[in-house]
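To keep things clear, I will list the structure first and then write my remarks on it.
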Amino acid sequence: MEATKLVLSGKNPETFKGDLLVYCLEQPVKGKVKADHPLIDSWLKSRGRLAEFSAKAGESLILYPEKNKAEEVFQAKRLMLLGLGKSDKKHGSDEHRERFRIAGGHIAGQAIRVKADKIMVCLPDLDGVRAGDVAETMVEGVLLGDYRFLKYKKKDEDDPSYEGLKELRLYSNDPSITVRKNMMAGLRAARAACRARDMANEPGNGWTPASFAAAGRDLAEQYGLQCTILERADMEHLGMGGILAVNQGSAEPPKMVILEYNPPKKTQTLLVVGKGLTFDSGGVSIKPSAGMEDMKYDMCGGAAILGLMQIVGEEMPDVGVVALVPATDNMPSGSALKPGDIITHYSGVTSEVVNTDAEGRLILADALAYGIKKFSPDCVVDVATLTGAVIVGLGHHYTGLLGNNDEVIRRLIKAGERCGEPLWRLPMGPDYSKQIESQVADIKNTGGPGAGTITAAAYLEKFVGETPWAHLDIAGTAWNYTEKSYIPKGPSGVGVRTLIEFVRRWRKTGI
Ligand code: BES
Ligand code: MN
Ligand code: ZN
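Residue 87 in this note's numbering sits at position 100 of the sequence shown; the count goes up by one each step and never skips.
Quick look at the structure:
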């Protein structure tokens, strides 16, 4: 899909000649719906055609302005009224932001339905809501909602498929530089999340560890980042026994992608690590066939990290960001890792592999230990589709959050709330860590039936030492995510926007 052109305009929307002109209306607590536009307002007041429109969240109505009628003042092909729902006085700014993302998603849905290429959205001017927030989140909602993955589908000659939005115009009665900046921030965030979705949508044979390496190199070239790829020989030399063990049964060589963004003025360094498991069969501890195809998504953490680095490259924040994506698939074969095998991680810690399907922690352990040793970061955040257990605990609505530093956790929760990607913290501690003690090695890679998400994090904790660290378990939110207008079925791109928000709000004082 071509990139959508984005324009902020202060020009009278009546003169917009495109396919769809959208007005967003609030549902009043009582009485009739009101509109700023006098003609629309009179329609809403009259008992006629629009009187039934109640402006409930997501309710929409499309009109086709006819010639020689009052509505002729609208030059657009279609006029759409979209309900924003009631404005709860208790809404904080994060809830308002989410309202506009959702509205944006509904607009995208209607645009897809009527195959509208060029649309204009009039940004509502609401009490107590910053125009910049509206612009940013409306753009996010529309662009995230307009996402589809059609690469492998044949084009239908008789019914040419809709190519997606070519132009999105926002009308604002405050088209100031600040609003424009916010709008562009929304654009970057949505594009990066869609890029992560593209990677995730690729099947296991379309997106391999080598694809991660190529994507890393492309980003580096485009944004002047530094890219290093550790090959199998490098991993052997460095003693990365975790990723090598997981890769042992595979026909595809493993890669460790390292991307470095160094700000012009060096302040602090954030290390981000993403699980890049391009297909998780479970290995010798093989998964059941039903639903196994979904394990092509086991690289969503790695995709989120590359998405983040795209925005970091564009925005050049004044915190250094180093990204690590350990990439491999997890396959059974004669040479594959076996239950009971003992491996030695990069840090020297030995681990008894009780279950080869608990492979994510094995590759992350090497990446965390290596990244911390090599880059001495001030903070580490990892993102991984790590455990099915997080779905048991939190379903598909919240990302699991664990870590060793209250301030990092607090900031991540805040960032997630601002982005509509909520996170819920789970506890850690010595009682859970005991579950991964092994008789024969320093630790083992599973912790028994209880608290699977926590024991997985307890495993990672062994490799971060004193560094402030947080872990996002996105197994429930990376796909099959909670139903939202701006998250189509398939991979959600979760994590990209939360992490860029976390980076944008980084204070020079650090953690
Ligand atoms: N990639 C899976 C986790 C997963 C499961 C993600 C379901 C999304 C949906 C991970 O590698 C895994 O297999 N974890 C095991 C760990 C267990 C063997 C201790 C799990 O969660 O079952
Ligand atoms: Mn697994
Ligand atoms: Zn996995």
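We treat Cβ as the ideally placed atom computed from N, Cα and C, and that holds for glycine. Every value quoted in this text rests on a predicted model; they were computed, and no experiment measured them.
Which of helix, strand or coil DSSP assigns to residue i
{"i": "T265", "result": "strand"}
{"i": "Q209", "result": "helix"}
{"i": "Y126", "result": "Residue identity differs from the one stated: residue 126 is Val in this sequence, not Tyr. V126 falls in the helix class under three-state DSSP."}
{"i": "T254", "result": "coil"}
{"i": "I330", "result": "strand"}
{"i": "L249", "result": "The sequence shown places Asn at residue 249, not Leu. Coil."}
{"i": "W194", "result": "coil"}
{"i": "K360", "result": "helix"}
{"i": "P240", "result": "coil"}
{"i": "P414", "result": "coil"}
{"i": "K142", "result": "coil"}
{"i": "E(-11)", "result": "coil"}
{"i": "Q169", "result": "Looking at the sequence shown, residue 169 is not Gln but Asn. Helix."}
{"i": "I49", "result": "strand"}
{"i": "H93", "result": "helix"}
{"i": "H458", "result": "strand"}
{"i": "S163", "result": "coil"}
{"i": "K17", "result": "coil"}
{"i": "A354", "result": "helix"}
{"i": "S29", "result": "helix"}
Own chain partners of residue i with C-beta closer than 8 Å, once the 5 adjacent residues on each side are dropped
{"i": "S363", "result": "T256"}
{"i": "I230", "result": "M222, P241, M243, P313, T315, L349, I350, D353 and A354"}
{"i": "K274", "result": "D267, S268, M282 and D344"}
Proximity below 8 Å, CB of residue i to CB of residue j
{"i": "G375", "j": "A462", "result": "yes"}
{"i": "M286", "j": "K262", "result": "yes"}
{"i": "G115", "j": "R135", "result": "no"}
{"i": "V260", "j": "L311", "result": "yes"}
{"i": "L258", "j": "V367", "result": "yes"}
{"i": "L295", "j": "V483", "result": "yes"}
{"i": "G92", "j": "K360", "result": "no"}
{"i": "A22", "j": "M186", "result": "no"}
{"i": "D6", "j": "R65", "result": "yes"}
{"i": "G72", "j": "A103", "result": "no"}
{"i": "N234", "j": "G307", "result": "no"}
{"i": "N392", "j": "P455", "result": "yes"}
{"i": "E339", "j": "V271", "result": "no"}
{"i": "A232", "j": "D328", "result": "yes"}
{"i": "G70", "j": "A42", "result": "yes"}
Same chain, Cβ closer than 7 Å to residue i, neighbours up to 5 away in sequence not counted
{"i": "S74", "result": "E13 and L113"}
{"i": "F87", "result": "V121, T124, M125 and G128"}
{"i": "V341", "result": "P326, K431, N432 and T433"}
{"i": "P0", "result": "L8, M107, C109 and Y158"}
{"i": "K142", "result": "S148"}
{"i": "A200", "result": "I216, K242 and V244"}
Top-ranked residue by Cα proximity to residue i, from the options
{"i": "P52", "options": "V60, E46 and G45", "result": "V60"}
{"i": "L68", "options": "Y10, V108, K138 and W30", "result": "Y10"}
{"i": "Y333", "options": "I350, S320 and L7", "result": "I350"}
{"i": "L355", "options": "P319, D344 and E453", "result": "E453"}
{"i": "D344", "options": "Y210, K17, M318 and G35", "result": "M318"}
{"i": "L459", "options": "R405, T215 and L399", "result": "L399"}
{"i": "I474", "options": "V308, R219 and A177", "result": "A177"}
{"i": "Y284", "options": "D267, I292, G294 and I378", "result": "D267"}
{"i": "K(-8)", "options": "L155, K17 and G91", "result": "L155"}
{"i": "R84", "options": "P15, M170 and I164", "result": "M170"}
{"i": "I89", "options": "N55, L131 and I99", "result": "L131"}
{"i": "I292", "options": "K449, F489 and P251", "result": "F489"}
{"i": "W493", "options": "S479, L447, R397 and K449", "result": "R397"}
{"i": "E346", "options": "K140, G380, K421 and A444", "result": "A444"}
{"i": "R182", "options": "K138, G480, T337 and I27", "result": "G480"}
{"i": "A371", "options": "G403, Q422, L447 and Q426", "result": "L447"}
{"i": "K76", "options": "P15, P111, R100 and K102", "result": "P15"}
{"i": "G477", "options": "G203, E82, S41 and P190", "result": "P190"}
{"i": "A118", "options": "A95, N160 and I94", "result": "N160"}
{"i": "G497", "options": "Q426, K449, T254 and A277", "result": "T254"}
{"i": "I216", "options": "R204, L225, S80 and E(-11)", "result": "R204"}
{"i": "K4", "options": "Q62, S(-4) and E39", "result": "Q62"}
{"i": "G405", "options": "I27, E82, K32 and A220", "result": "Checking the sequence shown, residue 405 turns out to be Arg, not Gly. Closest by alpha carbon: E82."}
{"i": "D365", "options": "S276, A457 and K449", "result": "A457"}
{"i": "G193", "options": "S420, C214, K19 and T265", "result": "T265"}
{"i": "V(-6)", "options": "S163, G358 and Q97", "result": "S163"}
Close beta carbons around residue i, own chain, < 6 Å, minus the five adjacent residues each side
{"i": "G173", "result": "E123, V126 and E127"}
{"i": "T331", "result": "G228 and T337"}
{"i": "T469", "result": "H383 and H384"}
Quick test of the definition: if touching needs 3 or more C-beta pairs under 8 Å, does the stretch 404 to 412 touch the stretch 299 to 310? no
Should the stretch 436 to 456 be called in touch with the stretch 410 to 427, which here means at least 3 C-beta pairs below 8 Å? yes
Would you call the stretch 242 to 256 in contact with the stretch 376 to 388, where contact means no fewer than 3 C-beta pairs closer than 8 Å? no
May I ask you to verify whether the stretch 38 to 57 touches the stretch 103 to 113, counting CB pairs closer than 8 Å and requiring at least 3? no
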